[in-house]
Amino acid sequence: MRQKFYKYQGTGNDFVMIDNRQQTFDKNNTKLVAHLCDRRFGIGGDGLILLETHDTYDFTMVYYNADGNESTMCGNGGRCLVAFARQLGVITDTAIFEAVDGLHHASISGDIVRLQMQDVDTVTQTDTHVFLDTGSPHHVQFEAAIADFDIKTKGAEIRYGAPYNTAGTNVNFVKKIGTDTFRLRTYERGVEDETLSCGTGATAVAIAMHSLEETSNTKVALTVEGGTLEVSFDVRDGVYKNVWLIGPAQLVFEGVI
Numbered sequence: 009m010r011q012k013f014y015k016y017q018g019t020g021n022d023f024v025m026i027d028n029r030q031q032t033f034d035k036n037n038t039k040l041v042a043h044l045c046d047r048r049f050g051i052g053g054d055g056l057i058l059l060e061t062h063d064t065y066d067f068t069m070v071y072y073n074a075d076g077n078e079s080t081m082c083g084n085g086g087r088c089l090v091a092f093a094r095q096l097g098v099i100t101d102t103a104i105f106e107a108v109d110g111l112h113h114a115s116i117s118g119d120i121v122r123l124q125m126q127d128v129d130t131v132t133q134t135d136t137h138v139f140l141d142t143g144s145p146h147h148v149q150f151e152a153a154i155a156d157f158d159i160k161t162k163g164a165e166i167r168y169g170a171p172y173n174t175a176g177t178n179v180n181f182v183k184k185i186g187t188d189t190f191r192l193r194t195y196e197r198g199v200e201d202e203t204l205s206c207g208t209g210a211t212a213v214a215i216a217m218h219s220l221e222e223t224s225n226t227k228v229a230l231t232v233e234g235g236t237l238e239v240s241f242d243v244r245d246g247v248y249k250n251v252w253l254i255g256p257a258q259l260v261f262e263g264v265i
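Numbering of the sequence shown is given in the numbering used here, commencing with residue 9 and proceeding in unit increments.
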């Protein structure tokens with residue numbers, strides 16, 4: 009098999025991109041997806057994304073984790089897919105596409121992509137953490153020693169532990185570094201390790217920090233290991249709407265494997 013591919017990254021969250029408008033990719037081959045995402049024996053990526061046609065909208069997003077399994081929404085992946093769609097000539101500077109969690113609007117200018125995320129109407133606060141779903145489930149907790157914290161070990165404990173157990177969750181460790189700025193490190197399920205950035209995680213942290221009244225701003229900056237993301241939103245009666253994830257998305261290379 010010879011497969012044309014493109015590699016994109018958004019603040020260090022990297023993805024194998026494949027144009028599957030002709031339905032030539034074996035979507036049920038989890039071993040193939042995992043192989044392509046393998047950093048030693050394949051291309052390497054935190055996930056693999058297929059761009060497919062849609063009957064009504066600009067395109068369809070199909071997302072797989074690095075372990076080969078189709079997964080929930082990926083915010084940075086969605087932003088990178090918008091950049092990929094522009095490269096393919098599918099869109100120009102705006103897009104409406106369907107992902108596993110529903111429709112998303114997006115715009116692109118240069119390498120900055122704005123992606124509208126789903127509304128969030130439930131933010132669960134406990135004594136130790138906040139839990140919410142931003143297209144993917146996210147556990148959010150503060151960590152003062154975030155610079156040298158063992159993200160993989162602690163993240164795995166939370167990801168597989170109660171109350172998440174089998175389904176698991178993504179885990180975000182946060183430190184406040186300014187009035188509307190937070191440092192974020194994320195353990196991602198499906199990758200089973202820390203990633204340099206997580207778009208749904210950044211969205212979750214921004215909303216969680218506002219819900220906890222750690223910031224009153226409705227535009228929040230997130231410093232991730234791979235750069236900086238911004239999240240803006242409107243909130244009324246505890247419901248977060250008009251949620252936008254904003255940041256760069258760039259082509260790294262393309263080839264045939």
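For each residue, glycine too, the CB sits at the ideal point set by N, CA and C.
A distance below 6 angstroms between beta-carbons, with the five flanking residues on each side excluded, links Phe-139 to the following residues of its chain, in chain order: Thr-132 and His-147. Per DSSP, the unbroken alpha helix (DSSP H) holding Leu-89 starts and ends at 83-96. The beta carbon of Met-25 sits closer than 6 angstroms to those of Tyr-14, Tyr-16, Ile-57 and Phe-92, all from its chain and outside the five residues before and after it, given in chain order. At a Cβ-Cβ threshold of 7 angstroms, Arg-87 and Leu-123 count as neighbours. Under the three-state reduction of DSSP, Gly-209 is assigned to helix. By the Cβ neighbour-count rule, Pro-171 is exposed, with fewer than 16 other Cβ atoms within 10 Å of its own.
When the Cα atoms are used, Gly-255 and Asp-109 turn out to be separated by approximately 20 angstroms. Distance from the Cα of Glu-196 is smallest, within the candidate group His-62, Tyr-168 and Ala-103, for Tyr-168. Taking C-beta atoms as the reference points, Thr-203 and Asp-27 fail to come closer than 7 angstroms. Per the C-alpha coordinates, the member of Ser-219, Val-228, Glu-233 and Val-260 positioned closest to Arg-244 is Ser-219. Counting C-beta pairs closer than 8 angstroms gives fewer than three between the stretch 105-119 and the stretch 34-44, which falls short of the contact rule. Look at Arg-167 here: in three-state DSSP terms it is helix. Secondary-structure assignment with DSSP links Tyr-72 through a beta bridge to Leu-56 and Glu-78.
By the beta-carbon neighbour count (other beta carbons within 10 angstroms, threshold 16), Phe-49 is exposed.
Under the DSSP assignment, Ala-229 falls in the beta strand (DSSP E) whose first and last residues are 227-232. The continuous stretches of beta strand (DSSP E) do not include Leu-44, which lies in the alpha helix (DSSP H) extending over residues 38-45. Boundaries for Thr-130: no beta strand (DSSP E) harbours it, and the DSSP string shows neither H nor E there. Here Glu-78 is actually not in contact with Arg-29; their C-beta atoms are around 18 angstroms apart, not less than 8 angstroms. Secondary structure of Met-217 (DSSP, three-state): helix. Residue pairing by DSSP places Asn-180 opposite Val-148 and Thr-194 in a beta bridge. Rounded to the nearest whole angstrom, the C-alpha separation of Gln-31 and Asp-135 is 48 angstroms. Each residue's CA atom was taken as its position, placing Val-228 and Leu-40 some 38 angstroms apart. By the Cβ neighbour-count rule, Val-264 is exposed, with fewer than 16 other Cβ atoms within 10 Å of its own.
Here His-62 has Thr-68, Phe-105 and Glu-106 as same chain residues with Cβ atoms under 8 angstroms from its own Cβ, once five neighbours each way along the sequence are excluded. Taking C-beta separations shorter than 8 angstroms and ignoring five residues to either side along the sequence, the partners of Lys-249 in its chain run Asp-127, Phe-241, Asp-242 and Val-243, following chain order. CA-CA distance, Asp-119 to Gln-258, rounds to 6 angstroms.
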